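In this note's numbering, the protein residues as written are 1 to 154. Cβ atoms here follow ideal geometry from the backbone N, Cα and C, with glycine treated the same way. Keep in mind the model is a prediction, meaning the values are calculated, not measured.
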């Protein structure tokens with residue numbers, strides 16, 4: 001490999017896109033879990049599947065010359081937006097990926113057991129229940145969308 005292309009794999013990324021490429025390669029070594037025990041584990045999953053795409057999209061979409069935001073702020077907003085998008089994707093696909101969604105319900109500890117939620121017919125049929133409403137009060141995805149918008153509009 002040439003000097004520029006070998007840097008990411010030697011632990012010395014050349015630029016932000018090399019970092020994204022290195023992280024993409026790293027993603028493929030992760031074990032995909034059917035359940036995540038806490039938000040930190042879910043966040044790492046979201047980072048590897050969504051943030052990298054958002055990061056690589058910034059140069060493609062460009063930064064408006066009229067923007068008063070600096071490049072690090074824009075890249076940080078892309079990172080946050082990627083996390084929000086992935087959380088939204090997971091929620092949107094509840095009926096199809098119910099095993100991943102069960103990780104969200106760990107926030108309901110003490111109210112409903114993991115087994116009850118995993119086998120809950122309401123989840124499979126996409127019915128909005130009181131338990132779902134209680135969980136959604138956290139609005140994690142909305143938090144990330146708001147943060148991304150704030151950072152991009154500085």
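Check, Outcome
"CA-to-CA distance, residue 129 to residue 51, given in whole angstroms", "31 Å"
"For residue 70, the three-state DSSP class (helix, strand or coil)", "coil"
"Secondary structure of residue 179, DSSP reduced to three states", "Residue 179 is absent from the model: the chain starts at 1 and stops at 154."
"Range covered by the alpha helix (DSSP H) that runs through residue 166", "Because the chain is modelled from 1 through 154, residue 166 falls outside the range shown and cannot be assessed."
"Alpha-carbon to alpha-carbon, residue 45 and residue 142", "18 Å"
"Buried or exposed (CB count within 10 angstroms, at least 16 for buried), residue 127", "exposed"
"Inter-residue Cα distance where the pair is residue 38 and residue 57", "28 Å"
"8 Å contact criterion, which residue 84 and residue 144 should meet: CB distance rounded", "3 Å"
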